[in-house]
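**Student:** Going by numbering that gives the first Met the number 0, the letters in the sequence shown line up with residues 0 to 140, in that order.
Note that CB positions come from ideal geometry on N, CA and C, so glycine has one too.
Below you will find the structure I want to go over with you.
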Amino acid sequence: MKKLLLKILPIFILANMTYAQKPIDTHSHMIPKSYRDYLVKHDALLDEDFPIPQWSLEKHIKFMDAAGIQTSVLTLPAPQPWLGDSVESAQLIRKINEEMAEVKAIHKGRFLFCVTLPLPDVDAAIREAIYALDILHADGV
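What follows is the structure, encoded as structure tokens:
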């Protein structure tokens, strides 16, 4: 029995070390169609003078697999979706947060997400943070 344990134990330890060392991408952007459409509508498709890239969940997962990434933490890229209309911003951000929560739920263990807030409307931001953390189970703000 002791000889068998000495053979199995190193394999068990190695397997667990390999799993524990899978990278987590802590800063990964999700660019849903709703957000992209909003930016096009407001002629705001540039992120710090660079165009917002096309994004798809399938391509993101393919990249994660190729890079050996176990989990990606999704966030929204700049620019913040607030261009003067608090109601429009809050509605869009609610939709985006729900889309991120859906990705997390469908692909358990592969995705986490941080809440996007409708700033500078502080009251709306507080409401969205509470909703996203309590109802959508967001992983951060």
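Please report the Cβ distance between Q79 and L118, rounded to the nearest whole angstrom; I am assuming they are in contact, meaning their Cβ atoms lie under 8 Å.
**Tutor:** 7 Å
**Student:** First and last residue of the beta strand (DSSP E) that includes L111?
**Tutor:** 110 to 112
**Student:** Do F49 and L73 count as a contact pair if the criterion is CB distance below 7 Å?
**Tutor:** no
**Student:** Give a yes or no on whether the C-beta atoms belonging to P31 and I95 are separated by under 7 Å.
**Tutor:** yes
**Student:** According to the Cβ coordinates, are A137 and A131 closer than 7 Å?
**Tutor:** yes
**Student:** According to the neighbour-count rule (16 or more other Cβ atoms, all chains shown, within 10 Å of its Cβ), is E127 buried or exposed?
**Tutor:** buried
**Student:** State the Cα-Cα distance for the pair D36 and M29, rounded to the nearest angstrom.
**Tutor:** When rounded, the separation of the alpha-carbon atoms in D36 and M29 is 14 Å.
**Student:** Among H41, L45, K61, which one has its Cα closest to the Cα of Q69?
**Tutor:** Distance check between Q69 and each of H41, L45, K61 places K61 closest, using alpha-carbon atoms only.
**Student:** What would DSSP say about S55, mapped onto helix, strand or coil?
**Tutor:** Three-state result, S55: coil.
**Student:** To the nearest whole angstrom, what separates the beta carbons of F112 and A104, a pair I think is in contact under 8 Å?
**Tutor:** Actually they do not touch by this definition, with Cβ atoms about 10 Å apart.
**Student:** Mind checking S27: buried by the 16 CB within 10 Å criterion, or exposed?
**Tutor:** buried
**Student:** Rounding to the nearest angstrom, what Cα-Cα distance links I10 and S55 in this structure?
**Tutor:** Per-residue confidence for I10 stands at a pLDDT of 46, beneath the threshold of 50, marking its modelled position as unreliable; the derived number appears in the next sentence. For I10 and S55, the distance between alpha carbons rounds to 37 Å.
**Student:** Just the C-alpha distance for D120 and M63, rounded to the nearest angstrom, thanks.
**Tutor:** 35 Å
**Student:** Assuming T115 and L75 form a contact by the criterion Cβ under 8 Å, report the distance between their Cβ atoms to the nearest whole angstrom.
**Tutor:** 4 Å
**Student:** Give me the Cα-Cα distance between D84 and A77, rounded to the nearest whole angstrom.
**Tutor:** Near 17 Å, if we compare the C-alpha coordinates of A77 and D84.
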